[in-house]
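Visitor:
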Amino acid sequence: MAERVAPVRRVLGSWDVIVLLAVVVVAVVGAFTVDGVASPRFWRFVALEALPIALIALPMTLVVITGEIDLSVASVLGLTCTVMGQLWVSGVTSLPLLIALCLLLGAVLGAVNGLFVTGFGLPSLAVTIGTLALYRGLAYVVLGDRAVANYPREWTTAAIAPIPGTTIPWMILVLAALAVVFAVVLHATPVGRALYAMGNNAEAARFAGVNVRLTKFWLFVATGAMSALAGVFWTLRFASARADNGSGLELAVVAAVLLGGVSIFGGRGALLGVLAAVALLGVLRNTLQLAYVPANTLTVITGALLIASVVGPNVAGMLRERLRRRRSTAPTATPTT
Amino acid sequence: MRAGNTRARLIAAAVLAALALGTAACAEDTGGDPGTETGAGGMKTGLKIAFLPKQVNNPYFTTSDNGGKAAVEEFKGVYSETGPSEASPSAQVSYINTLSQQNTDVIVVSANDKDAICGALNEARTAGAKVVTFDSDTNPSCRDLFINQATAEGIAQNQVKLISEAVGPDGGEIAILSATANATNQNAWIELMKAELAKPEYAKLKLVDTVYGDDQDQKSFTETQALLAKHPDLKGIISPTTVGVAAAARYLSGSTYKGKVQLTGLGTPNQMRAFIKDGTVKAFALWNPADLGYLAAYAGGALSSGLITGKEGDKFTAGKLGEFTVGKDATVLLGDPYTFNASNIDQFDF
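So the protein sequences, as listed, match chains C and D. Taken in order, the first sequence gives residues 24 to 360; the numbers are from the working numbering. Taken in order, the second sequence gives residues 2 to 351; the numbers are from the working numbering.
(1) So which of 119(D), 131(D) and 115(D) has the shortest CA-CA distance to residue 104(D)?
(2) Taking all protein chains shown into account, decide if residue 186(D) is buried (16 or more other Cβ within 10 angstroms of its Cβ) or exposed.
(3) Does the CB of residue 133(C) have a neighbour CB from chain D at under 8 Å?
(4) When you compare the CB positions of residue 136(D) and residue 65(D), do they come within less than 8 Å of one another, or not?
(5) Taking beta-carbon pairs under 7 Å, can you tell me which members of the segment 96-118 of chain D lie near chain C?
(6) Whole angstroms is fine: what's the gap from residue 174(C)'s alpha carbon to residue 329(D)'s?
(7) What three-state label does DSSP hand residue 192(D) in the structure shown?
(8) For residue 265(C), list the residues DSSP reports as bridge partners.
(9) The alpha helix (DSSP H) spanning residue 370(C) covers which residue range?
(10) Can you tell me the Cα-Cα spacing of residue 327(D) and residue 43(D), whole angstroms?
(11) Taking 8 Å as the CB-CB cut-off, is residue 273(C) touching chain D?
(12) What does a CB cutoff of less than 6 Å around residue 128(D) pick up in its chain, not counting 5 residues either side in sequence?
(13) Here's a check: name, in chain order, each residue in its chain whose Cβ is nearer than 6 Å to the Cβ of residue 90(D), leaving out the five neighbours to either side.
(14) Quick check on residue 338(D) - is its C-beta less than 8 Å from some C-beta in chain C?
(15) Mark residue 99(C) as exposed unless 16 or more other C-beta atoms lie within 10 angstroms of its C-beta, in which case mark it buried.
(16) Do you know whose CA, among 89(C), 329(C), 226(C) and 115(C), lies nearest residue 303(C)'s CA?
(17) When we look at the beta-carbon of residue 33(D) and count the other beta-carbons within 10 Å, is it buried (16 or more) or exposed?
(18) So is residue 25(D) in contact with chain C if we call contact Cβ pairs under 8 Å?
(19) If we count the other Cβ atoms within 10 Å of its Cβ and call it buried at 16 or more, is residue 78(D) buried or exposed?
(20) Comparing C-alpha positions only, which one of 210(C), 217(C), 161(C) and 109(C) sits nearest to residue 172(C)?
(21) Would you verify that the beta carbon of residue 179(D) is, or is not, closer than 8 Å to some beta carbon of chain C?
(22) Hey, how far is the Cα of residue 63(D) from the Cα of residue 93(D)?
(23) Using a cut-off of 7 Å between C-beta atoms, extract the partners of residue 75(D) located in chain C.
(24) State the CB to CB distance for the pair residue 245(D) and residue 210(D), rounded to an integer number of angstroms; the pair is presumed to be in contact (CB under 8 Å).
(25) Entirely within the segment 280-328 of chain C and at least 4 residues each: give me those alpha helix (DSSP H) ranges in chain order.
(26) With 8 Å set as the bound, which would you pick, yes or no: does the beta-carbon of residue 123(D) sit closer than that to a beta-carbon of chain C?
(27) What residue ranges within the segment 265-301 of chain D form continuous alpha helix (DSSP H) runs of no fewer than 4 residues, ordered along the chain?
(28) Measure from the alpha carbon of residue 239(D) to the alpha carbon of each residue in 204(D), 110(D), 286(D) and 227(D), then state which is nearest.
(29) Compare the Cα-Cα distances from residue 250(D) to each of 178(D), 294(D) and 50(D) and report the closest residue.
(30) Kindly say whether residue 94(D), judged by its beta-carbon, lies nearer than 8 Å to any beta-carbon of chain C.
(31) Pull the bridge partners of residue 107(D) from the DSSP assignment, please.
(32) Smallest Cα separation from residue 125(D): which of 141(D), 106(D), 140(D) and 111(D)?
(33) Taking 8 Å as the threshold, find out whether the segment 307-316 of chain C comes into contact with the segment 138-146 of chain C through three or more Cβ pairs.
(34) Thinking C-beta only, is residue 252(D) closer than 8 Å to residue 222(D)?
(35) Does the beta carbon of residue 110(C) sit closer than 8 Å to a beta carbon anywhere in chain D?
(36) Quick one: complete alpha helix (DSSP H) runs, 4+ long, within the segment 224-251 of chain C?
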C-alpha cells in the first residue's frame, strides 16, 4: 500500500500543496458558478484585501514556528496609522520620511514585545495580549475619535495603483520580494533551521549554540516593522488614519498562519502554505460575498474552516499514531519510563 | 505508517473542495438588467438596490433597511441587504467592492468612516452605480445624494417644544443633560436650544444648568441625581443623547421625582418603552429610521432612473412620504424629528 500511494504522496505530499490546490479549486468552481469571480477586478479586490494580512503573516510565520505568538500586530498597525496621520497633520510632508518614521516606530513597538518576552522571559501570549490593548489605547491617545484623511491624492492612488497593463496592485510585487526574503531566511539559511529547532526544543537549540533570546527578539522587531508597513499601506489605501484601523486583523493573520499548516506549538510549517492560506481565505470570502452569502453565514464558515485547520493536523497525527501502534509488535511496545 | 497520513491529507483536500462546491451552490442568480420599461412616476423597474448598513444585526439598521425594502418593492426593484457584522470601514469596503462587481444600480450606505470608503464608492460609481448615503454621510465627493435624518435646528426646536409641553403652561426651571463637553453636535444643539428658549412663547422656561454624562450610563445616572439635588425646583430635563436620556429616565422612574420632573430627549423606542409605559416620560424624539430608509431607496431609484441628477433644486416623489427637494451639497432632508409617545411607541422595534 505504501508503495502504491508514494507517487500520490509526492504530489499531495504537503499541506502547502493542499492549501494551494484548494485556492485553485475554489477559484475555478467560483469562476464557473458565481458571476464576477472570473473578472480581473475580482482579483484586484482580493489582492488589495489580502495584502496587509500577507505582509504581517510573513514574520508571524517565523514567530509561530519558534513557538511564540504576536497578538499585538493589529494594534501596532493601528498605532502606526494614527502616528502617521498625526505626523502628516503636524507638517511631515515627505512620504519617504513618513514611511521611515513609521517603520522605525513599528520596530520599536516590536522591540518592546521582544524585550518583555526574551529579557524577562514572559510568555509571548500574555505579553502581546497586553500590548494589544496598550498599543490600541495609545492609538486612541494620539488621534482620539478623529480621523486624518487629507493626504495628497497622488499618494493614495499610488498605494493602490495597478501594475501597468493589469488590474493587480503593484504592492503585490513588494509583497513578493519580501516573501522571497523571508522564505530564503526560513528555508535556506542556518537561521531558518535554528527557528525550527527552537520551536521543537528551545533547550536543545540553546545547547546547540543558537542564541535563542536574540533571535526571538529580532523576530518581534521584524513583526513590528512589517505591521507598521501594513499600517502605512492601510492608511493610504483607505485614505484614512483612525485609531480603530485594522481592529481584529491579528485574528485574520493568526488564522492564515494556522490554516497554512504552521503548528501553533512551533517547529513545523512553511511560508508557501501560509501565503496560500491568505489567498484561500481571501478568495473564499470574496466569492461567498459575490454569491450573496450573508455576513453571519460567512463568519460561521470562516470559523469552521479555522477549527478544521487546527483540528485537522491533530486528528491526522492521532490516526498516524494509531496506525504506527497497530503495526509495531505489540508485546514489546510497553513504555519504558 | 505514511498511508494514514496521506489519507488524512486527501480527506482534508476533499473537505475543502466540498466546502467550495457547497458554497458555490449557494450562489443564486439574481441577474437581469434593469428593464427599460418605466413604472409609476417614471421610475425604472428592476433596479438592483442594495442597502449597506454600518453593520448587520443592528436593530436600528434592520428597521431602516426594512423601510428601504418596502420602497424598493413599491417601485418593483430588486432589494438586497448586505454588510459586515462589525462596524468597520475596511469591512464595508469589501462589501462595496462586491456590490460594484454585482452591477448593483444603487448602493444605499451608512458610512463607518467618511473618507475610508470613498475610493471604493467612487470605483462603484465608475462602474455605473449610484451612491446614496443615509444616517451617516461620506465626503460629498464620493456619493450622489445624502439623506439627512434631521437638521440641528429641527432637533433643537423639537426638544424645546417637547419639554415645554411636558412641563406645562406654568413653566419653570429646566436643565440639559448632554454627552461630552466637547461633542460638536451636542454643543450645536444646545446653542440652538438656547436661541429657541429666548423666544417669547418659552418665556416661562428657564435653563438653569447644563451637565455632562459623557455618554456613559453610570455617569449620566449620577449627574441626573446631582442635578435634582442641586436644583430642588427643577421641572424638566432635556437629554439629547440616547445614553443620557435612558439613564436619566431610569433614575427618575425609581425616585420620588417620577412624574414631577419631566424628561425628554433623543432616545430609541426600545430603550425608552418602559419609561413611556410607566409615565416617567411623556414623549421623546428621534427620526423614524424606517422612513429614512424608505426615502433613501426612492432617492436612489430616482437617480438611477435619470429622474434627478442630485443637483440643488431637483424634485422627486418618494411614495407615501410625498415630494422632496434636493438641497445644498446634494442633501435631502427627511424632515422634523419624529416624536415617540405612548400612542405610537409599540409600532417600533429598534
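Just so it is clear, CB atoms sit at the ideal spot from N, CA and C, and this is done for glycine as well. These figures come from a predicted structure and were not determined experimentally.
Guide: Taking the structure as given:
(1) 131(D)
(2) exposed
(3) no
(4) yes
(5) 96, 98, 99, 102, 103, 114, 116 and 117
(6) 26 Å
(7) helix
(8) 170(C)
(9) Since the displayed chain C opens at 24 and closes at 360, residue 370(C) lies outside it and no answer follows.
(10) 18 Å
(11) no
(12) 101
(13) 113, 114, 117 and 118
(14) no
(15) buried
(16) 329(C)
(17) Note that residue 33(D) scores 43 on pLDDT, short of 50, meaning its location in the model is unreliable and no value can be drawn from it.
(18) Low confidence applies to residue 25(D): its pLDDT is 41, below 50, so where it sits in the model is not reliable, and the reading given next is rough at best. Yes, contact with chain C.
(19) buried
(20) 109(C)
(21) no
(22) 16 Å
(23) Neighbours of residue 75(D) on chain C: none; closest Cβ ~22 Å, over 7 Å.
(24) So it is not a contact: roughly 14 Å between Cβ atoms.
(25) 294-313
(26) no
(27) 270-278
(28) 286(D)
(29) 178(D)
(30) yes
(31) 50(D) and 131(D)
(32) 106(D)
(33) no
(34) yes
(35) no
(36) 225-230
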